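The structure appears below as structure tokens.
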Amino acid sequence: MTVFKNYFKILKSYLPIIFVFIGMFTFFIVVMTKANKTTVNFSQAKPNVIVVNEDKTTLANHFFDYIKSHANIVALKEGNSFEDALFFREVDEIITIPKGFQKTLMSGKTPKIATQKVPDSVNSIYAELLFEQYLKVIQGYTSLGYTETELIEKVDTVFSKEATITMLKNKSSELNEVEIFYNFSNYTFLATIILVISMILTTFRSEKIKRRNLISPCSYRNLNFQLFLGNLTMTLLIWFLYLILAIILFPSVMLDYYGIYFGINSFLFAIVSLVIGFLIGSFVKNKEAQSGIVNVLALGTSFISGAFVPQAMLGNFVIQLSKLFPSYWYIHNNSLIRNMTGVKWEELSNIVFHYGVLVMYIVGIFLLINLISHKLMRKDA
4 MTVFKNYFKI LKSYLPIIFV FIGMFTFFIV VMTKANKTTV NFSQAKPNVI
54 VVNEDKTTLA NHFFDYIKSH ANIVALKEGN SFEDALFFRE VDEIITIPKG
104 FQKTLMSGKT PKIATQKVPD SVNSIYAELL FEQYLKVIQG YTSLGYTETE
154 LIEKVDTVFS KEATITMLKN KSSELNEVEI FYNFSNYTFL ATIILVISMI
204 LTTFRSEKIK RRNLISPCSY RNLNFQLFLG NLTMTLLIWF LYLILAIILF
254 PSVMLDYYGI YFGINSFLFA IVSLVIGFLI GSFVKNKEAQ SGIVNVLALG
304 TSFISGAFVP QAMLGNFVIQ LSKLFPSYWY IHNNSLIRNM TGVKWEELSN
354 IVFHYGVLVM YIVGIFLLIN LISHKLMRKD A
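Under the working numbering, think of the first position of the sequence shown as 4, with each following residue one higher.
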């Protein structure tokens, strides 16, 4: 396995290319899928209010304390009027506790709370809900004949109970992120794997090394097998790195059944990239030409197949054209996997069909490689 060992010696010189692509990919994915996340923490909004307490009684003061605990009490600036504070949106609402507030409550009636508020303000609506809630609770206990002190104790008991709010992350949002991750990997798989493989093959097929191989006991078929084994190992390592990265970034999806299907899909596409790289390396000897072909192939198919722009936004002609390339079937399958609602054959059949298309590309290109290899072998004979 001399060729296999030498393969990895040559591969070391291309490691910077691999790590640059992986680094750029990771940065892009983190920015795209993590930077614009909405927070999952909940905090209760507090409106800004001015409270004018004209009653100054026990219940009026308690009502003021209640508002203070649920809103930001704002002092009116010197020289400003209430209208100024509302106009400049320094406050959301002005609440006036009228004289006779306590007396009206104790008689079982509803006191009239005077308010001024900013029109169409969500915070002002919330401020009104605050005092309406307080009045409903205290009136409920007033009808039972409680004293002022007992009323305050009962109301405090009611409002001391807080609901625990848990914000659940929508799994569909993370599924979208995984789809973006694997769609963009279409470009990095093609660019990295094809470029490295084709350049390593060119190195092995240079005139100097070719002459050494001709006088070695290693047959042409065995040489190709060892090269393919080296390419396969390198491809699997790159695929595995992306799989681990996906699990780290999106554990809830990748450790579910979705992860299995995304993993299989990306594995097949990595192998497609491998055989394309082997094909290019078999008949394109110039490294500059290889680099140009890889850039056109990777960027071109990524653009028209939906790696950077969703397929739904592409025109019908572009979609029909992209179906000629394996990238379309790989990216479209990512969308099908993302939309899965369970492990059902109705959905799986379409996904498996796309797997089959990728396998057909692998087999077809592999047969083409063998055909070219036989011609090269006859030419060298």
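Ideal placement from N, C-alpha and C gives every residue a C-beta, glycine not left out.
Note that this is a predicted model, so its numbers are computed, not measured.
Legend entry - Closest residue to E180 among E93, V297, A249, K139 (Cα-Cα distance): Among E93, V297, A249, K139, the Cα nearest to that of E180 is on A249.
Inset, instruction - Find out if the Cβ-Cβ distance for the pair V321, I307 is shorter than 8 Å. - result: Yes; because the gap between Cβ atoms is below 8 Å, this pair is in contact.
Inset, instruction - Could you tell me how far apart the beta carbons of T152 and M109 are, in whole angstroms, since I believe they sit closer than 8 Å? - result: Between M109 and T152 the Cβ distance is about 12 Å, and since that is not below 8 Å, they are no contact.
Inset, instruction - Could you tell me how far apart the beta carbons of V54 and I128 are, in whole angstroms, since I believe they sit closer than 8 Å? - result: Going by Cβ atoms, the distance from V54 to I128 rounds to 17 Å, so no, they are not a contact pair.
Legend entry - Cutoff 8 Å; reference G284; Cβ partners in own chain excluding five residues on either side: Excluding residues within five positions, the ones whose Cβ falls inside 8 Å are I200, S201, M202, I203, L204, T205, R208, Q293.
Legend entry - Distance between L154 and E81 (C-alpha atoms, nearest Å): Taking the straight line from one Cα to the other gives about 37 Å.
Inset, instruction - Excluding the 5 residues preceding and the 5 following N1 in the sequence, name in chain order all residues of the same chain whose CB lies nearer than 6 Å to its CB. - result: Examination of residue 1 is not possible in this model, given that the chain is present from 4 through 384 alone.
Legend entry - Spatial distance of W242 from A273 (CA atoms): Taking C-alpha positions only, W242 is separated from A273 by approximately 7 Å.
Legend entry - Rounded C-alpha distance that separates P329 from E131: Roughly 60 Å separates the two Cα atoms.
Legend entry - Collapsed DSSP secondary structure at E349 in the structure displayed: If DSSP states are grouped into helix, strand and coil, E349 belongs with the helices.
Legend entry - Ranges of the alpha helix (DSSP H) found wholly within the stretch 84-135, counting only runs of at least 4: Segments of the alpha helix (DSSP H) lying fully in the stretch 84-135: 85-90, 104-109.
Inset, instruction - Report all residues from its chain with a CB closer than 7 Å to the CB of F111; omit the five preceding and five following residues, and keep chain order. - result: Just to set this straight, residue 111 is Gly in the shown sequence, not Phe. Cβ neighbours of G111 beyond the five flanking positions: T145, S146.
Inset, instruction - Using beta-carbon positions only, say whether L62 and Q119 come within less than 8 Å of one another. - result: With respect to the 8 Å criterion, L62 and Q119 are not classified as neighbours on the basis of their beta carbons.
Inset, instruction - Could you tell me the distance, in whole angstroms, from the CA atom of I372 to the CA atom of V299? - result: Looking at the two C-alpha atoms, the distance is approximately 21 Å.
Legend entry - For T41, three-class secondary structure by DSSP: A caution first: T41 carries a pLDDT of 48, below 50, which makes its placement in the model unreliable, though a value can still be read off. Here DSSP, grouped into helix, strand and coil, assigns T41 to coil.
Inset, instruction - Report yes if the CB atom of S305 is closer than 8 Å to the CB atom of Y190, and no otherwise. - result: For the pair S305 and Y190, the CB atoms are nearer than the 8 Å cut-off.
Inset, instruction - Look at the alpha carbon of L339 and the alpha carbon of K71, and state the distance between them as a whole number of angstroms. - result: About 52 Å.
Inset, instruction - Report back the beta-carbon spacing between V52 and V77 to the nearest angstrom; my notes put them in contact at under 8 Å. - result: V77 and V52 do touch by the CB rule: their CB atoms are close to 7 Å apart, below 8 Å.
Legend entry - Neighbour-count burial assignment, L171, 16 or more Cβ in a 10 Å radius: Low local confidence applies: a pLDDT of 48 at L171 is under 50, so the model's placement there is unreliable, and no value is given.
Inset, instruction - Using a threshold of 8 Å, state whether the C-beta atoms of N336 and N268 are closer than that. - result: Judged by beta-carbon spacing, N268 lies within the 8 Å limit of N336, meaning their Cβ atoms are closer than that value.
Inset, instruction - With DSSP as the reference, please indicate the residues paired to I53 in a beta bridge. - result: Note: I53 sits in a beta bridge opposite I97.
Legend entry - Sequence-distant residues of the same chain with beta carbon closer than 7 Å to I368, five excluded per side: The beta carbon of I368 lies closer than 7 Å to those of V278, I279, L282 in the same chain, with the five residues before and after it left out.
Inset, instruction - Could you check the C-alpha separation between L317 and K347 for me, to the nearest Å? - result: Spanning the two alpha carbons is a distance of roughly 29 Å.
Inset, instruction - Taking I365 as the reference, give the member of I334, L351, S276, Y17 with the closest Cα. - result: Nearest Cα to I365 within the set I334, L351, S276, Y17: S276.
Legend entry - Cβ neighbours of F192 in the same chain (closer than 7 Å, five flanking residues each side left out): Cβ neighbours of F192 beyond the five flanking positions: F272, A273, S276.
Legend entry - Straight-line Cα distance separating F134 from D87: Here the alpha carbons of F134 and D87 stand approximately 23 Å from one another.
Inset, instruction - Just the C-alpha distance for V43 and N234, rounded to the nearest angstrom, thanks. - result: Reliability of the predicted coordinates at V43 is poor, the pLDDT of 48 falling under 50, and the value obtained from them is presented with this limitation in mind. Approximately 44 Å between the Cα atoms of the pair.
Legend entry - For D123 and L302, the rounded distance between their alpha carbons: So the alpha carbons of these two residues sit roughly 49 Å apart.
Legend entry - Residues near N227 by beta carbon distance below 8 Å, same chain, minus five either side: The residues are S376.
Inset, instruction - Throw me the rounded Cβ distance for the L324 and F7 pair, which I believe falls under 8 Å. - result: Between F7 and L324 the Cβ distance is about 39 Å, and since that is not below 8 Å, they are no contact.
Inset, instruction - Would you mind sorting M237 into buried or exposed? The rule is 16 or more other CB atoms within 10 Å of its CB. - result: M237 is buried by the Cβ-count criterion.
Inset, instruction - Would you kindly check if the distance between the Cβ of Y185 and the Cβ of F265 is under 8 Å? - result: Result yes, Cβ atoms of F265 and Y185 sit closer than 8 Å.
Inset, instruction - Report, in whole angstroms, the separation of the C-beta atoms of S188 and Y245, which I expect to be a contact under 8 Å. - result: Sure, about 6 Å apart at Cβ, within 8 Å.
Legend entry - Alpha-carbon to alpha-carbon, K102 and D58: Rounded to whole angstroms, the gap between the alpha carbons of D58 and K102 is 4 Å.
Legend entry - V256 versus I20, T195, N342, residue with shortest Cα-Cα distance: Selection I20, T195, N342 evaluated against V256 yields N342 as nearest (Cα-Cα).
Inset, instruction - Mind checking which residues open and close the alpha helix (DSSP H) that includes Q323? - result: For Q323, the enclosing alpha helix (DSSP H) stretches over residues 319-325.
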